[in-house]
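For the sequence shown, position 141 matches number 141 in full-length UniProt numbering, and the numbering has no gaps at all. Ideal placement from N, C-alpha and C gives every residue a C-beta, glycine not left out. Below you'll find the structure, written out as C-alpha coordinates, and then a few comments.
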Amino acid sequence: MTKICTYLKRPVRLTLLFGAVCGIIYPLLITGLGQFLFPFQANGSQIKQHGEPIGSALIGQEFSSAAFLHGRPSAIHYNTYPREEVANGQRLVITSGSQNLAPSNPKLKARVQQELALFLKENPTVSVGDIPADLVTTSGSGLDPEISPESAKLQIPRIASETGISPARLNKIINTHTATKVLGFLGEDRVSVLKVNLAIKKELNQNPFKRHIAVIASDD
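See the structure below:
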(Lines of atoms letter the chains of each structure in order from A; the text may use other names.)
(Lines give C-alpha, C1' and ligand atoms only; values in the text may rest on other atoms or scores of the structure.)
Protein backbone atom coordinates (compact mmCIF):
# COMPACT_ATOMS: atom_id res chain seq x y z
CA MET A 1 0.00 0.00 0.00
CA THR A 2 2.87 2.31 0.89
CA LYS A 3 4.53 1.60 -2.46
CA ILE A 4 1.31 2.33 -4.33
CA CYS A 5 0.99 5.69 -2.56
CA THR A 6 4.61 6.47 -3.38
CA TYR A 7 4.06 5.66 -7.06
CA LEU A 8 0.90 7.76 -7.20
CA LYS A 9 2.39 10.88 -5.61
CA ARG A 10 4.30 12.04 -8.68
CA PRO A 11 1.50 11.64 -11.27
CA VAL A 12 -1.03 13.21 -8.89
CA ARG A 13 1.28 16.16 -8.25
CA LEU A 14 1.94 16.59 -11.96
CA THR A 15 -1.78 16.40 -12.70
CA LEU A 16 -2.54 19.07 -10.11
CA LEU A 17 0.39 21.22 -11.27
CA PHE A 18 -0.52 21.12 -14.96
CA GLY A 19 -4.20 21.51 -14.10
CA ALA A 20 -3.41 24.71 -12.21
CA VAL A 21 -1.01 26.02 -14.87
CA CYS A 22 -3.10 25.16 -17.94
CA GLY A 23 -6.55 25.60 -16.41
CA ILE A 24 -6.06 28.66 -14.19
CA ILE A 25 -2.73 30.49 -14.46
CA TYR A 26 -2.34 30.41 -18.27
CA PRO A 27 -5.94 31.48 -19.10
CA LEU A 28 -5.80 34.30 -16.53
CA LEU A 29 -2.42 35.45 -17.84
CA ILE A 30 -3.54 35.49 -21.48
CA THR A 31 -6.83 37.19 -20.58
CA GLY A 32 -4.99 39.82 -18.57
CA LEU A 33 -2.44 40.47 -21.32
CA GLY A 34 -5.20 40.66 -23.92
CA GLN A 35 -7.20 43.17 -21.88
CA PHE A 36 -4.09 45.25 -21.19
CA LEU A 37 -2.43 45.20 -24.61
CA PHE A 38 -5.41 44.75 -26.97
CA PRO A 39 -8.61 45.72 -25.09
CA PHE A 40 -10.55 46.58 -28.27
CA GLN A 41 -9.82 43.24 -29.97
CA ALA A 42 -10.11 41.20 -26.76
CA ASN A 43 -13.68 42.43 -26.23
CA GLY A 44 -14.94 41.54 -29.68
CA SER A 45 -13.89 44.68 -31.58
CA GLN A 46 -17.12 46.32 -30.48
CA ILE A 47 -18.25 49.54 -32.13
CA LYS A 48 -20.13 51.70 -29.64
CA GLN A 49 -22.49 54.65 -29.86
CA HIS A 50 -23.35 56.65 -26.75
CA GLY A 51 -21.51 54.01 -24.73
CA GLU A 52 -23.65 51.14 -26.02
CA PRO A 53 -22.32 48.44 -28.40
CA ILE A 54 -24.15 48.57 -31.73
CA GLY A 55 -21.99 46.17 -33.71
CA SER A 56 -18.57 44.69 -34.25
CA ALA A 57 -15.83 45.68 -36.66
CA LEU A 58 -15.55 41.97 -37.50
CA ILE A 59 -19.21 41.14 -38.21
CA GLY A 60 -21.28 42.65 -40.99
CA GLN A 61 -24.84 43.92 -40.73
CA GLU A 62 -27.60 44.20 -43.29
CA PHE A 63 -28.48 47.72 -44.46
CA SER A 64 -31.39 48.17 -46.85
CA SER A 65 -32.11 51.91 -46.71
CA ALA A 66 -31.09 53.75 -49.88
CA ALA A 67 -29.61 56.49 -47.68
CA PHE A 68 -26.84 54.22 -46.42
CA LEU A 69 -23.98 52.15 -47.78
CA HIS A 70 -24.87 48.56 -48.63
CA GLY A 71 -22.55 45.64 -47.94
CA ARG A 72 -22.07 42.34 -49.70
CA PRO A 73 -24.93 39.92 -50.28
CA SER A 74 -25.20 37.30 -47.54
CA ALA A 75 -26.43 33.73 -47.90
CA ILE A 76 -27.67 33.93 -44.29
CA HIS A 77 -28.97 37.53 -44.52
CA TYR A 78 -26.53 38.53 -41.76
CA ASN A 79 -28.77 36.56 -39.38
CA THR A 80 -31.50 39.18 -39.82
CA TYR A 81 -34.92 37.57 -40.00
CA PRO A 82 -38.56 38.65 -39.56
CA ARG A 83 -39.70 38.78 -35.94
CA GLU A 84 -42.40 36.17 -36.55
CA GLU A 85 -39.82 33.62 -37.75
CA VAL A 86 -37.77 34.17 -34.59
CA ALA A 87 -40.86 34.06 -32.37
CA ASN A 88 -42.15 30.74 -33.70
CA GLY A 89 -38.76 29.06 -33.42
CA GLN A 90 -37.82 28.93 -37.10
CA ARG A 91 -34.61 30.88 -36.45
CA LEU A 92 -33.16 29.61 -33.20
CA VAL A 93 -29.54 29.23 -34.30
CA ILE A 94 -27.14 32.02 -35.24
CA THR A 95 -25.43 30.78 -38.38
CA SER A 96 -22.44 31.58 -40.54
CA GLY A 97 -21.52 30.32 -43.97
CA SER A 98 -22.28 30.26 -47.65
CA GLN A 99 -24.10 28.00 -50.08
CA ASN A 100 -20.74 27.10 -51.68
CA LEU A 101 -22.23 26.75 -55.13
CA ALA A 102 -19.85 25.64 -57.89
CA PRO A 103 -19.23 28.04 -60.82
CA SER A 104 -21.05 25.55 -63.04
CA ASN A 105 -24.15 25.54 -60.84
CA PRO A 106 -27.14 27.29 -62.51
CA LYS A 107 -28.30 28.47 -59.08
CA LEU A 108 -25.14 30.57 -58.73
CA LYS A 109 -25.74 32.27 -62.07
CA ALA A 110 -29.37 32.93 -61.15
CA ARG A 111 -28.39 34.37 -57.77
CA VAL A 112 -25.76 36.68 -59.28
CA GLN A 113 -28.23 37.88 -61.91
CA GLN A 114 -30.75 38.57 -59.16
CA GLU A 115 -28.19 40.59 -57.19
CA LEU A 116 -27.20 42.49 -60.35
CA ALA A 117 -30.80 43.38 -61.11
CA LEU A 118 -31.39 44.56 -57.54
CA PHE A 119 -28.24 46.70 -57.48
CA LEU A 120 -29.02 48.28 -60.86
CA LYS A 121 -32.54 49.07 -59.69
CA GLU A 122 -31.20 50.79 -56.57
CA ASN A 123 -28.40 52.51 -58.49
CA PRO A 124 -29.81 53.50 -61.90
CA THR A 125 -26.76 55.60 -62.82
CA VAL A 126 -24.48 52.54 -62.75
CA SER A 127 -23.82 50.23 -65.70
CA VAL A 128 -23.37 46.46 -65.38
CA GLY A 129 -19.71 46.57 -66.37
CA ASP A 130 -18.88 48.92 -63.49
CA ILE A 131 -20.16 46.64 -60.72
CA PRO A 132 -17.34 44.92 -58.74
CA ALA A 133 -17.66 41.22 -58.00
CA ASP A 134 -17.96 41.66 -54.24
CA LEU A 135 -21.28 43.48 -54.63
CA VAL A 136 -22.97 40.49 -56.28
CA THR A 137 -21.20 37.54 -54.62
CA THR A 138 -21.46 36.29 -51.06
CA SER A 139 -18.50 35.84 -48.73
CA GLY A 140 -17.53 32.50 -47.24
CA SER A 141 -18.84 33.48 -43.81
CA GLY A 142 -21.87 35.47 -44.90
CA LEU A 143 -20.82 38.05 -42.30
CA ASP A 144 -18.23 40.11 -44.18
CA PRO A 145 -18.21 43.62 -42.62
CA GLU A 146 -16.25 45.27 -45.43
CA ILE A 147 -16.40 45.95 -49.16
CA SER A 148 -13.88 47.24 -51.67
CA PRO A 149 -13.38 51.02 -52.05
CA GLU A 150 -14.67 50.71 -55.63
CA SER A 151 -17.89 49.10 -54.39
CA ALA A 152 -18.36 51.81 -51.78
CA LYS A 153 -17.74 54.76 -54.10
CA LEU A 154 -20.04 53.29 -56.73
CA GLN A 155 -22.90 53.91 -54.31
CA ILE A 156 -22.09 57.59 -53.74
CA PRO A 157 -24.58 58.98 -56.34
CA ARG A 158 -27.47 57.08 -54.74
CA ILE A 159 -26.58 58.07 -51.19
CA ALA A 160 -26.00 61.70 -52.21
CA SER A 161 -29.39 61.80 -53.92
CA GLU A 162 -31.17 60.28 -50.93
CA THR A 163 -29.48 62.30 -48.18
CA GLY A 164 -28.41 65.59 -49.74
CA ILE A 165 -24.82 65.00 -48.60
CA SER A 166 -22.40 66.13 -51.30
CA PRO A 167 -20.51 63.46 -53.29
CA ALA A 168 -17.23 65.08 -52.23
CA ARG A 169 -18.16 64.74 -48.56
CA LEU A 170 -19.25 61.12 -49.01
CA ASN A 171 -16.01 60.36 -50.83
CA LYS A 172 -14.07 61.81 -47.89
CA ILE A 173 -16.09 59.74 -45.41
CA ILE A 174 -15.35 56.56 -47.36
CA ASN A 175 -11.64 57.39 -47.59
CA THR A 176 -11.54 58.02 -43.84
CA HIS A 177 -12.92 54.55 -43.11
CA THR A 178 -10.81 52.70 -45.68
CA ALA A 179 -8.20 50.30 -44.30
CA THR A 180 -5.17 49.68 -46.50
CA LYS A 181 -3.32 46.44 -47.18
CA VAL A 182 -1.56 44.95 -44.15
CA LEU A 183 2.15 45.80 -44.34
CA GLY A 184 1.44 47.27 -47.75
CA PHE A 185 1.06 43.95 -49.57
CA LEU A 186 -1.17 41.55 -47.61
CA GLY A 187 -4.87 41.49 -48.47
CA GLU A 188 -6.73 44.32 -50.18
CA ASP A 189 -7.91 47.82 -49.36
CA ARG A 190 -11.32 47.62 -47.70
CA VAL A 191 -14.09 49.86 -46.41
CA SER A 192 -16.00 49.31 -43.16
CA VAL A 193 -19.69 49.48 -44.08
CA LEU A 194 -20.85 50.04 -40.50
CA LYS A 195 -18.36 52.85 -39.79
CA VAL A 196 -19.28 54.66 -43.01
CA ASN A 197 -22.97 54.40 -42.19
CA LEU A 198 -22.39 55.73 -38.68
CA ALA A 199 -20.56 58.69 -40.21
CA ILE A 200 -23.46 59.26 -42.62
CA LYS A 201 -25.91 59.10 -39.71
CA LYS A 202 -23.82 61.62 -37.79
CA GLU A 203 -23.80 63.91 -40.82
CA LEU A 204 -27.59 63.67 -41.06
CA ASN A 205 -28.05 64.37 -37.36
CA GLN A 206 -26.00 67.55 -37.72
CA ASN A 207 -28.21 68.76 -40.56
CA PRO A 208 -31.97 68.48 -39.90
CA PHE A 209 -32.84 69.23 -43.54
CA LYS A 210 -30.67 66.38 -44.81
CA ARG A 211 -32.11 64.09 -42.16
CA HIS A 212 -35.62 65.02 -43.33
CA ILE A 213 -34.70 64.06 -46.91
CA ALA A 214 -33.32 60.69 -45.76
CA VAL A 215 -36.43 59.91 -43.69
CA ILE A 216 -38.73 60.68 -46.62
CA ALA A 217 -36.58 58.50 -48.90
CA SER A 218 -36.64 55.57 -46.47
CA ASP A 219 -40.42 55.86 -46.10
CA ASP A 220 -40.84 55.69 -49.87
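{"Item": "With 16 other Cβ atoms within 10 Å as the buried cut-off, status of Y78", "Value": "buried"}
{"Item": "The stretch 163-177 touching the stretch 22-32, judged by at least three CB pairs closer than 8 Å", "Value": "no"}
{"Item": "T31 - DSSP class collapsed to helix/strand/coil", "Value": "helix"}
{"Item": "Backbone CA spacing between G142 and G97 [nearest angstrom]", "Value": "5 Å"}
{"Item": "For D219, three-class secondary structure by DSSP", "Value": "Low confidence applies here, because D219 scores a pLDDT of 45, under 50, leaving its location unreliable; read the following figure in that light. The answer is helix: DSSP assigns D219 an H, G or I state."}
{"Item": "Cα-Cα separation between G140 and I173, rounded to whole angstroms", "Value": "27 Å"}
{"Item": "Beta-carbon contacts of F196 that lie in its chain and below 7 Å, excluding the five residues immediately before and after", "Value": "The question names Phe, yet the displayed sequence has Val at residue 196. Once the five neighbours on either side are set aside, the close Cβ partners of V196 are L69, A152, I173, I174, H177."}
{"Item": "Stretch-stretch touch, CB-based, cutoff 8 Å, three pairs: the stretch 119-129 with the stretch 38-46", "Value": "no"}
{"Item": "Three-state secondary structure (DSSP) of T15", "Value": "helix"}
{"Item": "Cβ contact (3+ pairs, closer than 8 Å) linking the stretch 178-196 and the stretch 100-115", "Value": "no"}
{"Item": "Per-residue burial, A20 [other beta carbons within 10 Å of its own, 16 or more giving buried]", "Value": "exposed"}
{"Item": "For K109, the three-state DSSP class (helix, strand or coil)", "Value": "helix"}
{"Item": "Length of the line joining the Cα atoms of G51 and G187", "Value": "32 Å"}
{"Item": "Contact check, residue 228 vs G44, beta carbons under 7 Å", "Value": "This structure does not reach residue 228, given that the chain is present from 1 up to 220, and the question cannot be answered."}
{"Item": "Those runs of the alpha helix (DSSP H) which lie wholly inside the stretch 148-176 and span at least 4 residues", "Value": "149-153, 156-163, 167-176"}
{"Item": "Residue(s) in a DSSP beta bridge with E52", "Value": "Q49"}
{"Item": "Which of helix, strand or coil DSSP assigns to V191", "Value": "strand"}
{"Item": "Cα-Cα separation between S56 and I47, rounded to whole angstroms", "Value": "5 Å"}
{"Item": "As assigned by DSSP and simplified to three states, the class of A20", "Value": "helix"}
{"Item": "The alpha helix (DSSP H) enclosing A42, as first and last residue numbers", "Value": "39-42"}
{"Item": "Strand pairing of A179, partner residues [DSSP]", "Value": "R190"}
{"Item": "Same chain, Cβ closer than 7 Å to L170, neighbours up to 5 away in sequence not counted", "Value": "I156, I159, A160"}
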